[in-house]
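One structure is given below, encoded as structure tokens.
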Amino acid sequence: MSMPDDPERLADVRPRSQLGDVFASAARDLPSDAQLAELAAKLGPVLDGPEGTSPKPSNASTLVKLGVGTGALALLVAVGLTLGRSSQPAPVPGTVPKSATAPVAVEPAPAASASLPPQPSAQTPEPPSKAESAAGASSSKAAPVQNKPASEAALLEQARRALNGSPSYALQLANQHRARFPNGVLSQEREVIAIEALRRLHRTSDADQRAGAFSKAFPGSAHQRMVDEAVPK
Amino acid sequence: MSDEPRPSVRQIFDEHARYIWRTLRHLGIPEAEAPDLCQEVFVIVHRRLSSFEGRSSLRTWLYGICIRVASEYRRRPHVRKETPLLEPASESEQQASSPDSALEQRNAVQHLLAILDDDKRQVVVLYEIEGFSMKEVAEIIECPLQTAYSRLHAARALMLSALNAEKAAQS
Numbered sequence: 001m002s003m004p005d006d007p008e009r010l011a012d013v014r015p016r017s018q019l020g021d022v023f024a025s026a027a028r029d030l031p032s033d034a035q036l037a038e039l040a041a042k043l044g045p046v047l048d049g050p051e052g053t054s055p056k057p058s059n060a061s062t063l064v065k066l067g068v069g070t071g072a073l074a075l076l077v078a079v080g081l082t083l084g085r086s087s088q089p090a091p092v093p094g095t096v097p098k099s100a101t102a103p104v105a106v107e108p109a110p111a112a113s114a115s116l117p118p119q120p121s122a123q124t125p126e127p128p129s130k131a132e133s134a135a136g137a138s139s140s141k142a143a144p145v146q147n148k149p150a151s152e153a154a155l156l157e158q159a160r161r162a163l164n165g166s167p168s169y170a171l172q173l174a175n176q177h178r179a180r181f182p183n184g185v186l187s188q189e190r191e192v193i194a195i196e197a198l199r200r201l202h203r204t205s206d207a208d209q210r211a212g213a214f215s216k217a218f219p220g221s222a223h224q225r226m227v228d229e230a231v232p233k
Numbered sequence: 001m002s003d004e005p006r007p008s009v010r011q012i013f014d015e016h017a018r019y020i021w022r023t024l025r026h027l028g029i030p031e032a033e034a035p036d037l038c039q040e041v042f043v044i045v046h047r048r049l050s051s052f053e054g055r056s057s058l059r060t061w062l063y064g065i066c067i068r069v070a071s072e073y074r075r076r077p078h079v080r081k082e083t084p085l086l087e088p089a090s091e092s093e094q095q096a097s098s099p100d101s102a103l104e105q106r107n108a109v110q111h112l113l114a115i116l117d118d119d120k121r122q123v124v125v126l127y128e129i130e131g132f133s134m135k136e137v138a139e140i141i142e143c144p145l146q147t148a149y150s151r152l153h154a155a156r157a158l159m160l161s162a163l164n165a166e167k168a169a170q171s
């Protein structure tokens, strides 16, 4: 807002000068919705966490602090899933590539996720079995289901970490993610985790069904290869 | 202290992020660096929001952070050596109905702003593009009001001169 003594803005002067035209066009130079969505994904814990604190010290939030975004989280999911396969040699993750900080395409998830099959309610999660709890003590002790992680990135990171020791807990968290972030930008990553969790729980038909829904909802997804590996045809 | 409830970081992001991004770009941050710098702004907002006392408006406070983040970036040694004026079309421009025109306009803006030093550039961006009053501009960049006026007049003269020189060269 201008004060009485302020000179008229050049974009408001009529007839408008060339300089006024330049400033008027500058005001239209805004980022796209996709760029903003990507930024929001990068900022996950910062946007949804309590103020005045550092982002939660989860791997995901550490990555955010380091400027690593959605692409890196996808990489994290991929590396985590691969590491979790006991039958395969585990690649040694090196440093996160610089390119992970570069903008990545964020695919709109809402319409796609709406077509996925219904899942058990995230409001009534089944607790992990004693065996799973014992096996996954190190991965699932971070937070019970009731302690909601602040962001979708943090929630999925928690689910990914739970995959090895407690796939049922990982599945609960993935379903909780779907309930809390139905339009989340990490919907594909969530589905990959859920499918892998179903496979490990030997719920083959459920895994097949969810994998089929994934392929229909996200044709050409970069995660399709991982889905195919989890649910061989 | 304002009686208005303090918005959350998410609310601030939803309302201001696109304008913070735009401001960073006009302050000389390259397109490729804008996401990281915007991220820096909101990390600072997250850290400091609880201590925001409402002595200034939230928007003024927010743009103060933005100005300082951009200034700090432009003081980095590797940045000072670079003079990136013209850039390829961004994603949003490629989707625009006339991308060539959008690109030309953006390059014209960046080209003109690039002839200004940081002090004048900040005043022009905040006043001419972001619509702050000159009093708010002076508050954001922490200088006397008369100094802000002087910078604005000097910046306008410089840019007008550059445009005229360009016209003369073309004719």
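So the sequence lines, in the order shown, correspond to chains A and B. Following this note's numbering, the numbering of the first sequence begins with 1 at its first residue and continues without gaps. Following this note's numbering, the numbering of the second sequence begins with 1 at its first residue and continues without gaps. Glycine is no exception: its CB is placed at the ideal position from the N, C-alpha and C atoms.
* **Listed by chain order, chain A residues near isoleucine 129 of chain B by CB distance under 7 Å** => Going along chain A in sequence order, the residues near isoleucine 129 of chain B (Cβ under 7 Å) are Phe23, Ala26 and Ala27.
* **chain B contact for lysine 42 of chain A (CB, 9 Å cutoff)** => Cβ-Cβ to chain B under 9 Å: yes for lysine 42 of chain A.
* With 9 Å set as the bound, which would you pick, yes or no: does the beta-carbon of leucine 160 of chain B sit closer than that to a beta-carbon of chain A? -> Closer than 9 Å to some Cβ of chain A, the Cβ of leucine 160 of chain B qualifies, so yes.
* To do: Closer than 8 Å by beta-carbon distance: list the chain B residues that pair up with alanine 211 of chain A, in chain order.
  => Listed by position along chain B, the residues whose Cβ is nearer than 8 Å to that of alanine 211 of chain A form an empty set, because the closest Cβ is around 31 Å away.
* Does any CB atom of chain B fall closer than 9 Å to the CB of asparagine 147 of chain A? -> Low local confidence applies: a pLDDT of 49 at asparagine 147 of chain A is under 50, so the model's placement there is unreliable, with the coordinate-based value given in what follows. No, because no Cβ of chain B sits closer than 9 Å to the Cβ of asparagine 147 of chain A.
* Assuming isoleucine 29 of chain B contacts leucine 37 of chain B (C-beta within less than 8 Å), just tell me the rounded distance between them. => Taking a contact as a CB-CB distance under 8 Å, the pair isoleucine 29 of chain B and leucine 37 of chain B counts as one, their CB atoms being some 5 Å apart.
* Reduced DSSP category for arginine 9 of chain A - H, G, I as helix; E, B as strand; rest coil -> Here arginine 9 of chain A sits in coil by DSSP.
* Asked: For asparagine 183 of chain A, which of helix, strand or coil comes out of DSSP?
  -> Correct three-state label for asparagine 183 of chain A: coil.
* Reduced DSSP secondary structure (H/G/I, E/B, other) of asparagine 164 of chain B -> Helix, per DSSP.
* Residue environment, alanine 32 of chain B, which counts as buried when at least 16 other CB atoms sit within 10 Å -> It is exposed - the Cβ of alanine 32 of chain B has fewer than 16 other Cβ atoms within 10 Å.
* valine 46 of chain A versus chain B: which residues are under 7 Å apart at the beta carbon? -> Correct list: Val9, Phe42, Val43 and His46.
* **glutamate 24 of chain B versus isoleucine 67 of chain B: straight-line alpha-carbon distance, rounded** => A small correction: the amino acid at residue 24 of chain B is leucine; glutamate does not occupy that position in the sequence shown. For the pair leucine 24 of chain B and isoleucine 67 of chain B, the Cα-to-Cα distance works out to about 8 Å.
* Asked: Cβ of alanine 114 of chain B within 8 Å of any heavy atom in the ligand ATP?
  -> This structure lacks the ligand ATP, and indeed carries no ligand of any kind.
* Asked: At what residues does the alpha helix (DSSP H) containing cysteine 38 of chain B begin and finish?
  -> Its alpha helix (DSSP H) spans residues 34-48.
* **8 Å contact criterion, which alanine 26 of chain A and valine 109 of chain B should meet: CB distance rounded** => Rounded, the Cβ-Cβ distance is 4 Å, consistent with contact.
* Among residues of its own chain, excluding the 5 on either side of threonine 60 of chain B, which ones have a beta-carbon nearer than 7 Å to its beta-carbon? -> Excluding residues up to 5 positions away in sequence, Glu136, Glu139 and Ile140 lie with their Cβ nearer than 7 Å to the Cβ of threonine 60 of chain B in the same chain.
* **Span separating the alpha-carbon of glutamine 18 of chain A from that of leucine 126 of chain B** => Between glutamine 18 of chain A and leucine 126 of chain B, the C-alpha separation is close to 19 Å.
* To do: Please report the residue range of the alpha helix (DSSP H) in which proline 144 of chain B lies.
  => Note, proline 144 of chain B: premise wrong, no alpha helix (DSSP H); not H, not E.
* Hey, arginine 180 of chain A and arginine 190 of chain A are a contact pair by Cβ (cut 8 Å); roughly how many whole angstroms apart? -> Taking the Cβ atoms as the reference, arginine 180 of chain A lies roughly 10 Å from arginine 190 of chain A, outside the contact range of under 8 Å.
* Asked: Using 9 Å as the limit for Cβ to Cβ distance, is tyrosine 73 of chain B near chain A?
  -> Output row for tyrosine 73 of chain B: interface = no.
* To do: Whole angstroms is fine: what's the gap from lysine 167 of chain B's alpha carbon to alanine 148 of chain B's?
  => Roughly 29 Å between the two C-alpha positions.
* Asked: Going straight from the alpha carbon of glutamate 229 of chain A to that of proline 7 of chain B, what length do you get?
  -> Annotation: glutamate 229 of chain A to proline 7 of chain B spans about 45 Å, alpha carbon to alpha carbon.
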